Amino acid sequence: MLSAIISLSVLGVLLGLVLGVAAQRFRVEADGAEAEFMAMLPGTNCGQCGYPGCAGAAAALASGEGRADCCPPGGKALAAALAHRLGVELDTSALAEQGPRVASVREEICIGCTKCFKACPTDAVLGAVKQIHAVIREACTGCAKCEPICPTGAIDLEPVPVTPQTWVWPRPVDARAPKPALV
Amino acid sequence: MNARDPSLFVRLRRRLQRWGAHPEARKYPAADTAITAIPLPPTLTLPLAQHIGAPAQPVVRAGDRVLRGQLIAQGAGKVSAPLHAPTSGTVVGIVDVPVPHPSKLPAPALIIACDGLDEACPAEGADPFTLSPGEIAQRVADAGIVGLGGATFPSAVKLSLGRDQPIPTLILNGGECEPYLSCDDRLMQERAGQVVDGARIILRAIGGERALIGVESNKPAAIAALREAAGGHADVRVVPVPSRYPMGSEKQLIAWLTGREVPSEGRSADIGVMVHNVATAAAIHRAIRHGEPLTSRIVTVAGGTVRTPRNLEVRIGTPISALVAFCGGLTATPTRLVMGGPMMGVAVDSLEIPVIKASGGVLALGPDEVAAPDASAACIRCGACVGACPIGLLPLEIAARIRGDDLPGSAALGLKDCIGCGTCAFVCPSRIPLVQYFNHAKGELAARERDRLRQESIRELVQARAARMEREAREKAEAAARRKAEREKAKAAAARKPEEVSA
């Protein structure tokens with residue numbers, strides 16, 4: 001009885017020591033990919049990607065399930081950065097068509113309920129109770145959180161207008177000749 | 184180093200420079216015609232963005248009467264330039280109009296209905312040599328002067344660079360290497376005194392020691408006129424440079440005249456040199472000596488379909504139809520209408536587009552002057568573009584990277600140093616639109632950078648909001664706890680004195 005208790009205790013202590021030393025010596029750093037993706041994403045938790053917030057999207061990206069172009073407010077730049085980090089090829093030309101969007105308030109039907117004001121993750125909506133609200137375009141990410149909340153449907157998402165200052169020369173038309181199909 | 188007798192180093196550097204191309208000059212007959220002012224049009228259209236930087240902010244209202252030289256829009260931010268009324272009249276309003284821009288997108292412009300009186304605002308000139316360098320730069324900024332060679336960078340921003348670092352050498356750019364254009368040539372011949380005086384004013388503003396005026400050797404009359412005007416000034420020298428495209432590019436002119444190269448992604452001020460166009464120098468002379476803001480410029484009207492090509496002095500905002508009409512109209516429908524030079528200018532669609540500060544030329548080109556629009560062929564790797572590139576880049580390799588969507592790769596090959604002169608595309612036997620590749624990639628890289636900065640600022644906003652929500656929740660909880668404690672205290676007090684009923 002006593003010998004069994006002693007031998008099992010000694011065995012337990014020894015094995016515990018081995019495990020403890022091994023845990024110290026052979027420690028593997030967490031790959032940190034999730035934290036890295038989290039730092040890259042906008043952090044607005046808008047949910048347009050279909051995951052529960054930016055943390056969910058970062059977890060999905062880290063597990064290889066999420067796509068590099070999953071974040072619409074991040075635009076082309078973020079998609080390219082994520083694709084680079086994931087080491088995947090991404091055709092960013094399709095993203096260009098949608099383009100960035102910003103919210104705008106239709107002033108004639110805004111009732112000043114402050115619901116959008118409270119929902120905005122970037123404080124881009126300016127307003128007060130029973131006052132017409134307005135959107136600060138520079139701060140709006142186009143996450144669309146305010147759009148379904150508005151009781152009168154006064155919020156629209158509009159594409160950001162292209163001005164001569166933001167216009168980019170198109171690629172020459174013959175740039176991407178169709179590649180011969182591999183048989 | 185003496186410009187009359189360049190050092191062995193400079194002569195050796197010149198020998199080694201093999202870049203460039205020789206497009207047919209076609210400067211005549213316009214270059215033989217004296218500058219003529221054209222009559223005022225009924226309305227002037229002044230786009231608010233006529234310079235690099237933030238568009239100007241209007242300071243007049245529809246219905247206001249304005250005088251020639253009156254401020255109508257002020258500069259917004261550090262890099263910007265104001266606008267002045269080119270003649271007297273009434274402000275009609277601000278509307279979106281077509282402007283000379285490759286995007287062909289409309290942009291806001293102030294419209295002025297001219298009253299034909301051309302009444303001027305009182306203007307006051309000054310002796311530049313009694314003004315401090317800072318005051319000169321301020322007056323140049325207030326006059327709305329921008330680089331008139333076509334880059335339209337606000338000149339005052341450049342002048343104030345002299346405060347931060349020594350800039351001993353000023354170079355005036357009289358290269359005018361673009362075919363067809365002769366506006367600077369005529370200016371140097373007819374207003375050489377203004378150019379030389381402008382050079383001396385700029386020297387004073389930047390604390391420079393000497394000014395070199397580089398003029399292409401195909402303009403002997405301009406060289407002679409400038410030499411005569413510069414006769415009495417030991418600090419101003421006129422130096423002929425060979426006629427070669429793009430000799431009128433800032434970096435090439437500096438390399439030729441001083442033997443030094445502007446560092447990659449750097450500025451000429453980094454090597455103690457500043458370059459201004461000759462027309463900018465003349466505008467600075469007028470702004471300082473006579474207090475006149477920049478409200479007109481010289482424009483070459485040329486091209487195969489123009490009846491009598493000539494050089495005109497035009498108020499900013501005049502529609503190009505008025506210029507063409509003054510030159511006897513068109514003999515045929517032009518195949519292409521270009522504002523600026525044929526190498527770096529902007530193709531425009533309509534004759535109603537206004538002359539802006541950047542417009543050195545209006546070209547109505549016929550079918551034999553425009554390359555046939557046949558599709559480009561594959562790159563044969565002949566290397567003609569490599570030899571022609573004035574910066575020493577590898578245009579074929581950069582274009583291949585862009586075609587493969589490798590924009591960081593193209594940037595690593597020096598895309599940002601490309602000056603967009605178009606020499607590579609001009610010499611390419613396969614007619615590959617190389618400059619369009621480079622412009623596309625530059626714009627795309629700039630857009631990505633803007634996106635990145637925006638993402639960063641938005642992340643800051645999100646964090647600020649999260650911090651605020653947390654603080655508010657904490658404050659609410661504290662207030663609730665305080666109220667609860669007060670209630671407990673009241674209850675306890677009520678329990679001690681049962682006769683007192685708590686409310």
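Residue numbers (my numbering), protein chains in the order written: chain A, 1 to 183; chain B, 184 to 686.
Cβ atoms here follow ideal geometry from the backbone N, Cα and C, with glycine treated the same way.
None of these values were measured; they are calculated from a predicted model.
Can you give me, in chain order, the residues of the region 302 to 316 of chain B that have a beta carbon less than 8 Å from any beta carbon in chain A?
For the region 302 to 316 of chain B, which is checked against every Cβ of chain A, not one residue is closer than 8 Å.
Are the Cβ atoms of valine 484 of chain B and glycine 523 of chain B separated by less than 9 Å?
Result no, Cβ atoms of valine 484 of chain B and glycine 523 of chain B do not sit closer than 9 Å.
Using a cut-off of 7 Å between C-beta atoms, extract the partners of valine 168 of chain A located in chain B.
Going along chain B in sequence order, the residues near valine 168 of chain A (Cβ under 7 Å) are His623, Gly626, Glu627, Ala630.
Using C-beta distances below 7 Å, list every residue in its chain close to lysine 540 of chain B, excluding the 5 sequence neighbours before and after it, in chain order.
So the list reads Gln233, His234, Val329, Leu331, Thr335, Leu477, Arg480, Ile499, once near-sequence residues are dropped.
If you count every other CB in all the chains shown that lies within 10 Å of the CB of serine 400 of chain B, and 16 or more means buried, which is it?
Exposed: under 16 other Cβ atoms inside 10 Å.
Quick check on aspartate 394 of chain B: does DSSP put it in helix, strand or coil?
First, the amino acid is wrong: residue 394 of chain B is alanine here, not aspartate. Of the three classes helix, strand and coil, the one that applies to alanine 394 of chain B here is strand, per DSSP.
Determine, using beta carbons only, whether leucine 506 of chain B and valine 538 of chain B come nearer to each other than 9 Å.
In this structure, valine 538 of chain B lies closer than 9 Å to leucine 506 of chain B by Cβ.
For lysine 76 of chain A and chain B, any beta-carbon pair shorter than 9 Å?
Lysine 76 of chain A counts as touching chain B.
For glutamine 377 of chain B, which residues in the same chain have their Cβ closer than 6 Å to its Cβ, ignoring the five residues on either side in sequence?
The residues are Ala465, His468.
Would glycine 252 of chain B pass as a contact of cysteine 304 of chain B if the rule is Cβ separation under 9 Å?
A contact, by the Cβ cut-off of 9 Å.
Give me the subset of the region 30 to 50 of chain A whose CB atoms are less than 7 Å from a CB atom of chain B, sorted by chain position.
Cβ contacts with chain B come from Pro42, Gly43, Thr44.
Go through its chain and collect everything with a Cβ distance to alanine 60 of chain A's Cβ below 7 Å, but skip five positions before and after it.
Excluding positions up to five away in sequence, the list reads Tyr51, Gly66.
Give me whichever residues DSSP pairs with valine 521 of chain B in a beta bridge.
In the DSSP output, where bridge partners are listed per residue, valine 521 of chain B has B:Ala530, B:Leu546.
Would a check of beta-carbon distances place threonine 114 of chain A closer than 9 Å to chain B?
No, no contact with chain B.
What are the residues of the region 104 to 134 of chain A that lie near chain B, defined by any Cβ-Cβ distance shorter than 9 Å?
Residues passing the 9 Å Cβ filter: Cys120, Pro121, Thr122, Asp123, Ala124.
Does chain A have any CB closer than 9 Å to the CB of glycine 500 of chain B?
Not closer than 9 Å to any Cβ of chain A, the Cβ of glycine 500 of chain B fails to qualify, so no.
Which value, in whole angstroms, describes the spacing of the CA atoms of alanine 595 of chain B and serine 447 of chain B?
So the alpha carbons of these two residues sit roughly 11 Å apart.
Identify the contact partners of threonine 141 of chain A in chain B, using a Cβ-Cβ distance below 8 Å as the criterion.
Those within 8 Å of threonine 141 of chain A in chain B are Ile641.
Note down, in chain order, all residues in the region 589 to 610 of chain B with a beta-carbon under 8 Å from any beta-carbon belonging to chain A.
Correct list: empty, as no residue qualifies.
Comparing C-alpha positions only, which one of B:Val618, B:Ile574, B:Ile563, B:Gly415 sits nearest to alanine 582 of chain B?
Considering only alpha carbons, the answer is B:Val618.
Please work out which residues of its chain come closer than 6 Å, Cβ to Cβ, to proline 291 of chain B, disregarding the five sequence neighbours upstream and downstream, and give them in chain order.
Within the same chain, proline 291 of chain B has close Cβ partners Leu231, Ile277, Asp279.
Look at the alpha carbon of valine 531 of chain B and the alpha carbon of isoleucine 503 of chain B, and state the distance between them as a whole number of angstroms.
Taking the straight line from one Cα to the other gives about 11 Å.
Starting from the Cα of proline 573 of chain B, find the closest Cα among B:Ala560, B:Ala608, B:Ala554 and give me that residue.
Proline 573 of chain B has its Cα closest to that of B:Ala608, out of B:Ala560, B:Ala608, B:Ala554.
Under DSSP, the alpha helix (DSSP H) around histidine 468 of chain B begins and ends at which residues?
461 to 473 is the extent of the alpha helix (DSSP H) around histidine 468 of chain B.
Within 10 angstroms of its Cβ, does serine 685 of chain B collect 16 or more other Cβ (buried), or is it exposed?
With a pLDDT of 48 at serine 685 of chain B, under the threshold of 50, the modelled position of this residue cannot be trusted, and the question is left open.
Using only the alpha-carbon positions, how far apart do arginine 176 of chain A and arginine 586 of chain B sit?
Caution applies to arginine 176 of chain A, whose pLDDT of 46 falls short of 50 and renders its modelled position unreliable; the value that the coordinates give is listed next. Going from the Cα of arginine 176 of chain A to the Cα of arginine 586 of chain B covers about 7 Å.
Residues of chain B with a CB under 7 Å from the CB of proline 172 of chain A: which are they?
What proline 172 of chain A touches in chain B: Pro616, Gln619, Tyr620.
Using 10 angstroms around the beta-carbon of tyrosine 211 of chain B, count the other beta-carbons present and answer buried if the total reaches 16, otherwise exposed.
With fewer than 16 Cβ atoms within 10 Å of its Cβ, tyrosine 211 of chain B is classed as exposed.
For histidine 284 of chain B, would you say it is in contact with chain A, using Cβ-to-Cβ distances shorter than 9 Å as the test?
Cβ-Cβ to chain A under 9 Å: yes for histidine 284 of chain B.
So for leucine 250 of chain B, helix, strand or coil by DSSP?
It is coil, neither helix nor strand.
Just the Cα atoms here: how many angstroms apart are glycine 575 of chain B and serine 613 of chain B?
Distance between the alpha carbons of glycine 575 of chain B and serine 613 of chain B: 20 Å.
When Cβ atoms are compared, which residues of the region 418 to 444 of chain B fall closer than 7 Å to chain A?
Within the region 418 to 444 of chain B, no residue qualifies.
Who are the neighbours of arginine 648 of chain B on chain A, taking C-beta pairs under 8 Å?
Those within 8 Å of arginine 648 of chain B in chain A are Pro121, Thr122, Asp123.
Give the interface partners of proline 52 of chain A over in chain B, defined as CB-CB distance under 8 Å, in chain order.
Under the 8 Å cutoff, chain B gives no residues; its nearest Cβ is about 16 Å from proline 52 of chain A.
Would you list the residues sitting across from threonine 483 of chain B in a DSSP beta bridge?
Looking at the DSSP assignment, threonine 483 of chain B forms a beta bridge with B:Asn494, B:Gly544.
Between which two residues does the beta strand (DSSP E) carrying serine 104 of chain A extend?
Serine 104 of chain A -> beta strand (DSSP E) spans 101 to 105.
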